[in-house]
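Residue numbers (my numbering), protein chains in the order written: chain Z, 1 to 205; chain W, 1 to 504. Where a beta carbon is used, it is the ideal one built from N, C-alpha and C, also for glycine. Working notes, structure below.
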């Protein structure tokens, strides 16, 4: 298949990486096709202030589209977890006194379902389940991301940056490689996605 | 072992910066790995001491469990002796982690980055102690699960959710889970950093813990989202947990307990002792692992200011408590307070006032805030004072009840001292020492965020290359023989030199 080629380019400096991303965007690569690797979260607003980067407004916008792709959010899972948590507390605090073996009329004039404890416990269980759901959501969303490309370099957790492009035709591959070379890439690897033994590039570490 | 390259200014007390922004990024990885690989007699000696104390205390606990609660000094009046003060103390200590990591995260305080991981670990281990003390204080710890909402338990009974004691259990479970997840989430990229450069059995642990992290833009996006969300949720949770603990007392009619200010009083006291706890932990760790590049004198200056502020809040609440004892015009309330101020508990009360209320005023002086031995000693004294504070909240009120014929004094036995003071302390020490070998104590990515980002110099000539950042790294770094971290950097430097020679 012609469409299963990938390329992975490593950069030493962040301004080279940014310029490569902008050039790829100018060359018509879609934001969802560009995968950026770094050892810190890259914030466009922060980077824009450095004199070495010196981004224009439209460039900053284009870069931001790549680094903060629109789409699913962890908050969705958090909200679901919070709703489950509140429901759980309401059911628990509501059902326990109703199913108590003694008759409700023998509860000494107090309300059968007490609302102050229900409020407190709803808050606690809401937070508890929302925590768990957020972490599960995070794990799920990043898992989907990992399935897409298998490539990795151990220097990325030290001080290097990288760009990965997948599903490229030979022409697009050539175009991308040229852009990387123009922007002083440190290392380029071209490979087939299902080629074995290509998931780890930096063997010396 | 890598050589330490800390470069402190001549008088570090005058340096206000929280980190040297020019530290190369690889140095951060290297120093984190160095902490994992440093094995000193101080480390193993400390670990052996804590483990020994845990074993001795556990044996005493077993003795108490088999022979009965009669071995404790508790009596009909003072039914909570050292157990509940210890419970409150450890919950209080746990609050610093959330404060330093979540509250200061939203306040965009960069100085928190080097020390918040210690605070979060302190939170987690403190909460494990809280669970242990809760279980032990039941008297029959094997029936701990009676407090849990477990259906079909054969008793046809559920916990009473009208009781603050049931709220406590759920709140502390939530807080412990949340703190553990918050801590773990922040460590995922750091586990990946260690996974890539540390071998041996720990590599397998880091592989699992890093969840296959690669550092892609989407992973960072989701991490930042999840971290911000959990951080936003854990702040009100922190306040609610200690408020619920306070309501355990407020909902009773015991003199000295029935006080509406207890919730904020407890939260403020918790933050106060928590900050002192962080200082107690960080000063020895900084010295043991030579982390002067990351934990600077200015960190203690800022922690000292924070502690001073909290000392004022604490003094305010203490004053309100004293004033309230008179203002209520309830003789039993007055007796309970006078028992502390001029009665049998007076030496403890005035010691507490001296170390938690008067002594911290010395923190107005920058010389005091930047003197680490003084800060360490002061923090230890403050935490001793805060333990006494919790003791004085609980015990005098119980010993002077509304029925004068039941008034009784309380003296803890050796069993109580070991079970409720030495066991939690030594368990905390053991867990913390063990964590130094498998947990990234420095947040790699958060520290790198405030360092200079690697940028290509505006004009690069062959002459400029040797002065590049990579070359500086090579000059400073002694490659760790076990991890062999930076060999790739060396290759790149060699290549560039060759290119430079060819061009030149």
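Q) Which chain W residues sit within Cβ distance under 8 angstroms of residue 176 of chain Z? A) Within chain W, no residue comes near residue 176 of chain Z; the closest Cβ sits about 17 angstroms away, beyond 8 angstroms.
Q. What distance in whole Å lies between the Cβ atoms of residue 398 of chain W and residue 90 of chain W, which are believed to be in contact at a cut-off of 8 angstroms?
A. Rounded to the nearest angstrom, the Cβ distance from residue 90 of chain W to residue 398 of chain W is 20 angstroms, too far for a contact under 8 angstroms.
Q | Per-residue DSSP class, three states only, for residue 6 of chain Z | A | Annotated three-state conformation of residue 6 of chain Z is strand, per DSSP.
**Q.** Residues bridged to residue 187 of chain Z [DSSP beta-bridge criterion]
**A.** Looking at the DSSP output, residue 187 of chain Z bridges to Z:10.
Q: Find the nearest neighbour of residue 74 of chain Z within the set W:369, W:40 and W:226, judged by alpha-carbon distance.
A: Residue 74 of chain Z has its Cα closest to that of W:226, out of W:369, W:40 and W:226.
Q: Give the straight-line distance between the Cα atoms of residue 212 of chain W and residue 188 of chain W, rounded to the nearest whole angstrom.
A: Those two C-alpha atoms are separated by around 9 angstroms.
Q. For residue 222 of chain W, which option in Z:72, Z:27, Z:61 and Z:7 has the closest C-alpha, if you only look at C-alpha atoms?
A. Comparing C-alpha distances from residue 222 of chain W to each of Z:72, Z:27, Z:61 and Z:7 shows the shortest one belongs to Z:72.
Q: Out of W:369, W:252 and W:353, state which residue places its alpha-carbon closest to the alpha-carbon of residue 299 of chain W.
A: When each option's Cα is compared against that of residue 299 of chain W, the closest is W:369.
Q) Is residue 37 of chain Z close to chain W, meaning its C-beta is less than 9 angstroms from at least one C-beta of that chain? A) Answer yes: the Cβ-Cβ gap between residue 37 of chain Z and chain W drops below 9 angstroms somewhere.
Q) With a Cβ-Cβ cutoff of 9 angstroms, do residue 19 of chain W and residue 294 of chain W count as a contact? A) Yes, they are a contact pair.
Q) Whose Cβ in chain W lies nearer than 9 angstroms to the Cβ of residue 83 of chain Z? A) Under the 9 angstroms cutoff, chain W gives no residues; its nearest Cβ is about 14 angstroms from residue 83 of chain Z.
**Q.** Contiguous beta strand (DSSP E) assignments of at least 3 residues, all confined to the region 191-228 of chain W
**A.** Qualifying beta strand (DSSP E) stretches: none in this window.
(Q) Please tell me whether residue 182 of chain W has its Cβ less than 9 angstroms away from any Cβ of chain Z. (A) Among the residues facing chain Z, residue 182 of chain W is included, as its CB has a counterpart in that chain under 9 angstroms away.
Q | Buried or exposed by the 16-neighbour rule on C-beta atoms within 10 Å, applied to residue 143 of chain Z | A | Residue 143 of chain Z should be labelled exposed.
Q: Can you grab the Cα-Cα spacing for the pair residue 121 of chain Z / residue 77 of chain Z, in whole Å?
A: Rounded to the nearest angstrom, the two C-alpha atoms are 21 angstroms apart.
**Q.** Integer Cβ distance of residue 50 of chain W from residue 426 of chain W, believed to fall under 8 angstroms
**A.** Correct: roughly 5 angstroms between the Cβ atoms.
Q: Taking only beta-carbon positions, decide if residue 59 of chain Z is within less than 9 angstroms of chain W.
A: Judged by the 9 angstroms Cβ criterion, residue 59 of chain Z is not in contact with chain W.
(Q) Can you look up residue 71 of chain Z in the DSSP assignment and give me helix, strand or coil? (A) Residue 71 of chain Z: coil per DSSP, three-state reduction.
Q) Of the choices W:95, W:194 and W:166, whose alpha-carbon is the least far from that of residue 37 of chain W? A) Ranking the options by Cα distance to residue 37 of chain W, first place goes to W:194.
Q. Touching or not, the region 77-90 of chain Z and the region 122-134 of chain Z, by the rule of three or more beta carbon pairs under 8 angstroms?
A. With a cut-off of 8 angstroms, the region 122-134 of chain Z and the region 77-90 of chain Z count as touching, because enough Cβ pairs lie within range.
(Q) Rounded to the nearest angstrom, what separates residue 190 of chain W and residue 174 of chain W at their Cα positions? (A) Approximately 25 angstroms between the Cα atoms of the pair.
Q) Skipping 5 residues on each side, what residues in its chain have a beta carbon closer than 7 angstroms to that of residue 117 of chain Z? A) Once the five neighbours on either side are set aside, the close Cβ partners of residue 117 of chain Z are 93.
Q: Determine the direct distance from the alpha carbon of residue 287 of chain W to that of residue 18 of chain Z, and round the result to whole angstroms.
A: Taking the straight line joining both Cα atoms gives about 40 angstroms.
Q. Where does residue 278 of chain W fall in DSSP's three states?
A. Here DSSP, grouped into helix, strand and coil, assigns residue 278 of chain W to helix.
Q: Leaving out five residues on either side along the sequence, give the residues of the same chain with a beta carbon under 8 angstroms from the beta carbon of residue 464 of chain W.
A: Since pLDDT at residue 464 of chain W reaches only 42, below the 50 mark, its modelled position is unreliable, and the value read off the structure follows with that caveat. 457, listed in sequence order.
(Q) Are the CB atoms of residue 35 of chain W and residue 442 of chain W within a distance shorter than 9 angstroms? (A) Closer than 9 angstroms, so yes.
**Q.** Selection from W:335, W:272, W:378 and W:330 that minimises the alpha carbon distance to residue 306 of chain W
**A.** Answer by Cα proximity: W:272.
(Q) For residue 129 of chain W, would you say it is in contact with chain Z, using Cβ-to-Cβ distances shorter than 9 angstroms as the test? (A) Not an interface residue.
Q: Would you kindly work out how many angstroms separate the C-alpha atoms of residue 182 of chain Z and residue 188 of chain Z, rounded to a whole number?
A: Using only the alpha carbons, I get a separation of about 12 angstroms.
(Q) Would residue 274 of chain W and residue 97 of chain W be called neighbours here (beta carbons separated by less than 9 angstroms)? (A) The criterion of a C-beta distance shorter than 9 angstroms is satisfied by residue 274 of chain W and residue 97 of chain W.
Q. If you check the beta carbons only, do residue 25 of chain W and residue 454 of chain W fall under 9 angstroms apart?
A. For residue 25 of chain W and residue 454 of chain W, yes; Cβs fall inside 9 angstroms.
Q: Return the chain-ordered ranges of every alpha helix (DSSP H) run that is complete within the region 57-123 of chain W and spans a minimum of 4 residues.
A: Segments of the alpha helix (DSSP H) lying fully in the region 57-123 of chain W: 83-98.
(Q) Contact criterion: CB-CB distance below 9 angstroms. Does residue 90 of chain Z meet it with respect to chain W? (A) False, the Cβ-Cβ gap to chain W never drops below 9 angstroms.
Q) Alpha carbon to alpha carbon, how far is residue 59 of chain W from residue 380 of chain W? A) Each residue's Cα considered, the two are about 27 angstroms apart.
Q. Counting only beta-carbon atoms, is residue 464 of chain W nearer than 9 angstroms to chain Z?
A. Unreliable placement is indicated for residue 464 of chain W, whose pLDDT of 42 sits below 50; no coordinate value is reported for it.
Q) Nearest-angstrom Cα distance between residue 421 of chain W and residue 276 of chain W? A) Their Cα atoms are separated by approximately 18 angstroms.
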